[in-house]
Each structure stands twice: as structure tokens, then as C-alpha cells.
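**Student:** Residue numbers (our numbering): 4 to 260.
Quick reminder that beta carbons are idealized off the backbone N, C-alpha and C, glycines included.
Owing to the predicted nature of the structure, the values given are computational and were not obtained by experimental measurement.
Listed below in C-alpha cells is the structure:
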């Protein structure tokens, strides 16, 4: 079965992206990196993967990408937030659905292949790609990434998710609830369970514990997959990231597909 892809490229309602504003463009996805808009790099990497089928972009103004993305790319209008946008894409494109972001400028086809293969082997309904701190420090020394520190190691997310089966909708519904409660930490704590939060604070929580708890709440099987290259954790969220990505591409060009 072909693997469809959703690229999240929109802006939060009422919150223009500061990097796009600083560059005088409408969306961060259009930021030039090494002479090409970031989103073009993401699409090129994805199209080099044999298993990829349809590619859809979630953005509120598709016209800003005219002449930038291939004609066979489709568009899905954003919903009220990232989780609802992914749910809309799941309803439209079905499963399996690979989700990534337009600011994943270093994305390599080999990472996608490795991630998808390991995700299929895991048998999970939903799989998230992560990079361990040791690999980030090895491959991108000096970078500052947001780390989640658990009992079995620190890691950073890689903006790569595979919703393998229809049961994945349960995880998205949980995500929607947490997203709706993001300004109310007490509600989020009640949803996740005070026990798991206490274990996190005491550094006794493992990745398996997190996946198990999400699975209990969503009635789905959840897994995290380590990506082999720490560069997979680098996205462009701030000016320092853009400088880093530009430097990496200049000094270590992306390998051929």
C-alpha cells in the first residue's frame, strides 16, 4: 500500500510566525535555505522514497506555494490546531499516513526509509521518530534542542510520525484533548495521570512507560523509534536554527537519494 504524507506548513491562527515576519514572507515554509524554500527540500526528500504515494500540504493559503511545489501535490486546509489538521488529513487520506513539517529542511530519504521500515516492524498503530541526545551531540555538536529527559535517556522529537492503522485516530483524539487543555496544566495532568507525572519528576519514567500510558488512554499501540542521525532532530524554529541548517548544508551537502 502506498504511504501518503501530510506536510504541516500553516501558521497558528492569529499568531504569525516571527521568522516569516522578519523575512518579509507569509509563511516560514518559504524561507530560503541553500537557495531553495525549505518546503521544496522536504518534498524532494519525500519524493525520493519509493513507498511514498500522495503528498498533501496543510496550509491556509495554498496560493503562496504556486510555482514552488509540484503540480501533483494536493492541499488540505488547516483546522483549529495541528492535531485537528492531522485528523482531517487522516479522514481524507486514510492510513498509513506519514506526517512531517515544512521546516524539516535537513530531511533525508534514508531517514524516512529507515523510520518507515522500523515503524512497520514495530507493529504499533502510531510511531514517533526521536533522536537520542548522544546522537545529537555527536552529529550536531553545539546545537540547542529541546530535550525530554527520562530514566532511560534524553531525546528530542524529529517531527516525523507514522499513523499506521485506523486505531491511530484514538491517539489523535487524545492529542486534541491535550492541545485544548494546553493552557490548563492541571487538566492535562488529570488526563495523563498524576502517577505518571510524579514518575517523570522523579526521573523514573521510561519511554516504554510513556508509550504504554498513551496506549491505555487512546486504545492504540504506540512506539518511539530512534533515528540513526542526530541531525534529524534539527528543525528551523528560530534564527539560530536557520543559521545552523545553512551551515550544515554548505559544509555537509545532503547525500544523493
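#1: Look at residue 164 and residue 130 and say whether their C-beta atoms are less than 8 Å apart.
#2: The beta strand (DSSP E) with residue 104 in it runs from where to where?
#3: Using alpha carbons as the reference points, say which of 251, 227 and 245 lies closest to residue 120.
#4: Thinking residue 211 and residue 200 are a contact (beta carbons under 8 Å), I'd like their distance in whole angstroms, please.
#5: By DSSP, does residue 242 sit in helix, in strand, or in coil?
#6: Helix, strand or coil: how does DSSP classify residue 185 here?
#7: Alpha carbon to alpha carbon, how far is residue 47 from residue 97?
#8: Can you say whether residue 75 is buried or exposed, counting buried as having 16 or more other CB atoms within 10 angstroms of its CB?
#9: DSSP state of residue 65, grouped into three classes?
#10: Could you check whether residue 42 and residue 2 sit closer than 8 Å to each other, using their CB atoms as the reference points?
#11: Please state whether DSSP places residue 111 in a helix, a strand or coil.
#12: Just confirm the distance between the C-beta atoms of residue 230 and residue 133, as a whole number of angstroms; I'd bet it's less than 8 Å.
#13: My output table needs one value for residue 254: the three-state DSSP class, helix, strand or coil.
#14: Once DSSP output is grouped into helix, strand and coil, what is the label at residue 174?
#15: Would you mind reading off the limits of the beta strand (DSSP E) that contains residue 135?
**Tutor:** According to the structure shown:
#1: yes
#2: 100-104
#3: 227
#4: Not really, about 17 Å apart at Cβ, beyond 8 Å.
#5: helix
#6: coil
#7: 22 Å
#8: exposed
#9: helix
#10: Absent from the structure is residue 2, since the part of the chain shown begins at 4 and ends at 260.
#11: coil
#12: 7 Å
#13: helix
#14: helix
#15: 129-135
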